[in-house]
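With full-length UniProt numbering, letter number 92 in the sequence shown gets 92, and the count goes up by one each step, no holes.
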Amino acid sequence: MQKLLPPLFFLICVVMMVLLNTYYPIIRFLEYPWTLIGLLDLVGGLSITLIAGVQFIRAKTNLKTFNKPDEFVISGLFKLSRNPMYLGFAISAFGVGLYLGALSPFLICALFIVVVDRWYIAYEEGVMALTFGQAYVEYKARVRRWI
């Protein structure tokens, strides 16, 4: 069975947010043009994810979530967050929620963050600890999981 990769999970969540907002909008709190603020978060978050991905490519390590890492990247955005790619996706999901302007999409946004934190990040941190040992333990003590 192929595992659900984070970018696909993000896209599924965005589609679910749009559908939930379309069919079951709960408390519209933001109207146009204020909803456009969400586009800033969407673009900013995707930019963070892209920059972190480029850092992986430059370090010649793989981007595949369920494969063993080749290199230990601790520079650039990884000095500020152990998971800048997931942070970028979370900011983007929040931006989609703002753009949609109702509370209901934020239920999916919260689901996205919980699944990423408890499934993807928990798995990756276990692999990182096994692969890089004490160096990863020290990095983990120095740099926060999200921000």
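Here a beta-carbon is modelled for each residue, glycine too, at the ideal position from N, C-alpha and C.
Neighbourhood of residue i by C-beta distance below 7 Å, restricted to the same chain and skipping five residues each side
i: Met1; result: Because Met1 sits at a pLDDT of 35, beneath the cut-off of 50, its placement in the model cannot be relied upon, and the point is left open.
i: Arg28; result: Gly101, Ala102
i: Lys68; result: Val127, Thr131
i: Leu83; result: Position check: residue 83 holds Asn in this sequence, whereas Leu was assumed. Within the same chain, Asn83 has close Cβ partners Ile121, Arg145, Trp146.
Distance between beta carbons of residue j and residue i, contact taken as under 8 Å
i: Pro25; j: Thr65; result: The pair is not a contact, with the Cβ atoms about 32 Å apart (cut-off 8 Å).
i: Asp70; j: Lys60; result: 7 Å
i: Thr74; j: Tyr139; result: Residue identity check: residue 74 is Ile in the sequence provided, not Thr. Contact flag correct, Cβ pair sits at about 6 Å.
Close-in-space but distant-in-sequence residues of the same chain around residue i (CB under 6 Å, 5 per side omitted)
i: Phe132; result: Phe72
i: Lys3; result: Phe66
i: Gly76; result: Gln55
Residue i versus residue j - alpha carbon distance
i: Met85; j: Glu31; result: 29 Å
i: Ile108; j: Ser47; result: 21 Å
i: Trp146; j: Leu111; result: 16 Å
i: Val143; j: Val114; result: 20 Å
i: Gly38; j: Ile51; result: 20 Å
i: Arg118; j: Val18; result: 24 Å
i: Met16; j: Phe10; result: 10 Å
i: Cys141; j: Ile121; result: Sequence check: residue 141 is Ala here, not Cys. For Ala141 and Ile121, the distance between alpha carbons rounds to 16 Å.
i: Val116; j: Leu87; result: 10 Å
i: Ser81; j: Thr49; result: 12 Å
i: Pro33; j: Val137; result: 46 Å
i: Ala135; j: Leu8; result: 31 Å
Cβ-based neighbour list, residue i, same chain, cut-off 8 Å, excluding 5 preceding and 5 following
i: Leu20; result: Ser104, Pro105, Leu107, Ile108
i: Leu36; result: Tyr99
i: residue 154; result: In the structure as shown, the chain begins at 1 and stops at 147. Residue 154 is therefore absent and cannot be evaluated.
i: Leu63; result: Gly53, Phe56, Ile57
i: Ala90; result: Gly45, Cys109, Phe112, Ile113, Val116, Trp146
- Message: With three or more C-beta pairs closer than 8 Å as the rule, is the stretch 54-61 touching the stretch 122-138?
- Response: Below 8 Å, too few C-beta pairs join the stretch 122-138 and the stretch 54-61 to call them touching: fewer than three.
- Query: Quick one: any contact between the stretch 31-49 and the stretch 82-102, if contact means 3 or more CB pairs under 8 Å?
  - Reply: With the rule of 3 Cβ pairs closer than 8 Å, the stretch 31-49 counts as touching the stretch 82-102.
- Message: Quick check on the DSSP output: what are the complete alpha helix (DSSP H) runs of length 4 or more inside the stretch 17-59, in order along the chain?
- Response: You should have 37-58.
- Message: Runs of 4 residues minimum, wholly inside the stretch 70-116: which ones carry the alpha helix (DSSP H) assignment?
- Response: Restricting attention to alpha helix (DSSP H) runs no shorter than 4 residues, the stretch 70-116 encloses them at 84-100, 104-115, ordered along the chain.
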